[in-house]
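Colleague:
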Amino acid sequence: MVLFILKVIIKSQGCKGVTNNMEKKILAKVGEKEISNLDVQSAIQGLDPYQAQQFQTEEGQKYVLEDLINQELLYMYAKDNKIDQDEDFRNEMKRVEENVLKQYVINKILTSVQLTEEEKKAFFEAQKQNFSKPETASAKHILVDNEEKANDILGKINTGEISFEDAAKEHSTCPSKDAGGDLGSFGRGQMVPEFEEAVFNMNKGEVSGPVKTQFGYHLIKLEDKKESTVPTYDEVSEEVGRTLLYQKQGEVYQQKLNEVKAKFPNSVEYMNK
1 MVLFILKVII
11 KSQGCKGVTN
21 NMEKKILAKV
31 GEKEISNLDV
41 QSAIQGLDPY
51 QAQQFQTEEG
61 QKYVLEDLIN
71 QELLYMYAKD
81 NKIDQDEDFR
91 NEMKRVEENV
101 LKQYVINKIL
111 TSVQLTEEEK
121 KAFFEAQKQN
131 FSKPETASAK
141 HILVDNEEKA
151 NDILGKINTG
161 EISFEDAAKE
171 HSTCPSKDAG
181 GDLGSFGRGQ
191 MVPEFEEAVF
201 NMNKGEVSGP
211 VKTQFGYHLI
221 KLEDKKESTV
231 PTYDEVSEEV
241 GRTLLYQKQG
251 EVYQQKLNEV
261 KAKFPNSVEY
271 MNK
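Pasting the structure below:
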């Protein structure tokens, strides 16, 4: 348990939780270092939700506090024994510093990108079709292994001898039979071509078939069909903003890389393997 806490707390160091509304209370002091309830909450909030829930109890918070204390004691031990002067430690710190600096630069480049409402609206108008809602259909089907059987079932459905749903439950070989053959809602490209072609050329409430596919013979009942629609800007403004932001960030990032490469033209050397 102690080792587990140590791992998750170290992982969470530097995470800033939502502790602004909490009154700061000093829980312990290790040397000159004070540890508060805000430090404990910050550590807990840096964990994934499942782990955080485990440590939000009174007992869990005590475990976290004890581990923060232990870390400070280990820090004092390391300084007292000049472990921070070890060559291995210095190399590790250099590696960490390099990685943090690289990520910091990338974040600084990306966060420099800002969008105006006018830019987002102009992007939406230019890319409107990319935000359209595709044509969809809701259908039920009955799958059998031969055309003769399919036609026989179709005849009984058409004369009212049996409902489509009951026929699906009784005769279909598809797992959807338990739901009366219901396939739910789907768009183009989600079904095999022959099935899709039949469905999207049917009228609501129509029963059609048999339609032959690689799986067998299908009887199809179209429950509903919705045409492709283009949403208003207000309906997709958040998606538009995300899409444009990613695009502009990519452009700015590449532009900065080009500038850096131009500044250090002879810095990269590819080695023959």
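Under UniProt numbering, the first residue of the sequence shown carries the number 1, and numbering increases by one thereafter. A virtual CB, placed ideally from N, CA and C, is assigned to each residue, including glycine.
1) Using CA coordinates, which residue listed in Gln214, Gly216, Val64 and Phe195 is at the minimum distance from Ser208?
2) What whole-angstrom Cβ distance do Val192 and Ala137 have, given they're in contact under 8 Å?
3) Check whether the stretch 230-237 touches the stretch 171-190, taking contact to mean three or more Cβ pairs, one atom from each stretch, closer than 8 Å.
4) Give me, in chain order, the residues of the same chain whose beta-carbon lies closer than 6 Å to that of Asn266; leave out the 5 immediate sequence neighbours on both sides.
5) What does the Cβ neighbour count give for Leu257, buried or exposed, with the cut at 16 atoms within 10 Å?
6) For Asn272, is the classification buried or exposed, using 16 other Cβ atoms within 10 angstroms of its Cβ as the cut-off for buried?
7) I'd like to confirm the pairing. Which residues does DSSP put opposite Leu101 in its beta bridges?
8) Looking at the structure shown, is Leu3 part of a helix, part of a strand, or coil, going by DSSP?
9) I'd like to confirm the pairing. Which residues does DSSP put opposite Ala28 in its beta bridges?
10) Since residue 274 and His218 are thought to touch, with beta carbons under 8 Å apart, how far apart are those beta carbons, to the nearest angstrom?
11) Buried or exposed, going by whether 16 or more other CB atoms sit within 10 Å of the CB of Ile106?
12) Going by the CB atoms, is the gap between Leu68 and residue 291 shorter than 9 Å?
13) Over the uninterrupted alpha helix (DSSP H) stretch that includes Lys79, give me the two end residues.
14) What does the Cβ neighbour count give for Leu47, buried or exposed, with the cut at 16 atoms within 10 Å?
15) For Ile109 versus Tyr253, is the C-beta distance shorter than 9 Å?
Modeller: The short version:
1) With distances taken between Cα atoms, Ser208 lies closest to Phe195.
2) Actually they are not in contact, since the Cβ atoms of Val192 and Ala137 sit about 14 Å apart, beyond 8 Å.
3) no
4) none
5) exposed
6) Under a 10 Å Cβ-count criterion, Asn272 is classified as exposed, with fewer than 16 other Cβ atoms of the shown protein chains found around its own Cβ.
7) According to DSSP, Leu101 bridges with nothing at all.
8) Residue placement at Leu3 is poorly supported in this model, since its pLDDT is 49, which falls under 50; the coordinates still yield a value, given next. Assignment of Leu3 by DSSP, reduced to helix, strand and coil, places it in the helix class.
9) In the DSSP output, where bridge partners are listed per residue, Ala28 has Ile35.
10) The requested residue 274 is not part of the displayed model; the chain covers only 1 to 273.
11) exposed
12) What the structure shows of the chain is the stretch from 1 to 273, and residue 291 is not part of that stretch, so it cannot be assessed.
13) Glu58 to Asp80
14) buried
15) Going by beta carbons, Ile109 and Tyr253 fall inside the 9 Å limit.
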